[in-house]
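See structure below.
Residue numbers (the working numbering): 41 to 193.
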């Protein structure tokens, strides 16, 4: 068998438990830059919003906003955004349905070591030795696999 499957949850999920601080800062910076670029591209479309903010006392007074013209200019963007939102919700519901149905399936039978070793072109001893190491480098040459244990090089 490939290992004790009773101690691992099914289906196997990849979850980031400890995200490094640098990754969080990078993500926040990229998000802020993307929103800034988006606001820069839509400067003319967002002018009535900035005018409304000025009318509320956050700038010059007496700005007249033509909301009808603003919404007419923004209508194609809103239609595209609405269409994308509908697609997102539809595909999300489909994914949730497929995932809930897949959780009802039984866990697949484990592959025997000898069968797995034969499948990847290794002998069983090399496969078992590689699994016992914390770091293993796998070289894929055409169809054959070559395993290099870290520190062995």
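Ideal Cβ positions, reconstructed from N, Cα and C, are used throughout, including at glycine.
Within this structure, are the beta carbons of residue 187 and residue 166 separated by less than 8 Å? The count along the chain shown starts at 1 and reaches residue 187 at position 147. The count along the chain shown starts at 1 and reaches residue 166 at position 126. Yes.
Under 8 Å between C-beta atoms of residue 128 and residue 85: Taking the chain shown and counting its residues from 1, the one referred to as residue 128 is at position 88. Taking the chain shown and counting its residues from 1, the one referred to as residue 85 is at position 45. For residue 128 and residue 85, no; Cβs fall outside 8 Å.
Can you say whether residue 146 is buried or exposed, counting buried as having 16 or more other CB atoms within 10 angstroms of its CB? In the chain shown, counting from the first residue as 1, residue 146 sits at position 106. By the neighbour-count rule (16 or more Cβ atoms within 10 Å), residue 146 is not buried but exposed.
What does the alpha-carbon distance come out to for the pair residue 152 and residue 174? Position 112 of the chain shown holds residue 152. Position 134 of the chain shown holds residue 174. The straight-line gap from Cα to Cα measures roughly 22 Å.
On a CA-only basis, which of 110, 130, 131 is nearest residue 91? Give me that one, please. In the chain shown, residue 91 corresponds to position 51, counting from 1. It is 110 whose Cα lies nearest to the Cα of residue 91.
Rounded to the nearest angstrom, how far is the Cβ of residue 164 from that of residue 170, given a contact under 8 Å? Counted from its first residue, the chain shown places residue 164 at position 124. Counted from its first residue, the chain shown places residue 170 at position 130. Cβ-Cβ separation between residue 164 and residue 170: approximately 11 Å, too far for a contact (criterion under 8 Å).
Span of the beta strand (DSSP E) around residue 163: Stepping through the chain shown from its first residue, residue 163 is reached at position 123. First-last for residue 163: undefined, no H or E at that position.
At the level of alpha carbons, what is the spacing between residue 172 and residue 75? Stepping through the chain shown from its first residue, residue 172 is reached at position 132. Stepping through the chain shown from its first residue, residue 75 is reached at position 35. Cα to Cα, residue 172 sits roughly 47 Å from residue 75.
Leaving out five residues on either side along the sequence, give the residues of the same chain with a beta carbon under 8 Å from the beta carbon of residue 144. For this step, residue 144 is matched to residue 104 along the chain shown. Taking residue 144 as the centre and dropping the five residues before and after it, the same chain places no C-beta closer than 8 Å to its C-beta.
Assuming residue 88 contacts residue 106 (C-beta within less than 8 Å), just tell me the rounded distance between them. Your numbering for residue 88 matches position 48 in the chain shown. Your numbering for residue 106 matches position 66 in the chain shown. With a Cβ gap of about 7 Å, residue 88 and residue 106 count as contacting.
If you run the structure through DSSP and keep just helix, strand and coil, what is residue 106? Against the chain shown, residue 106 aligns to sequence position 66. The answer is coil: DSSP assigns residue 106 none of H, G, I, E or B.
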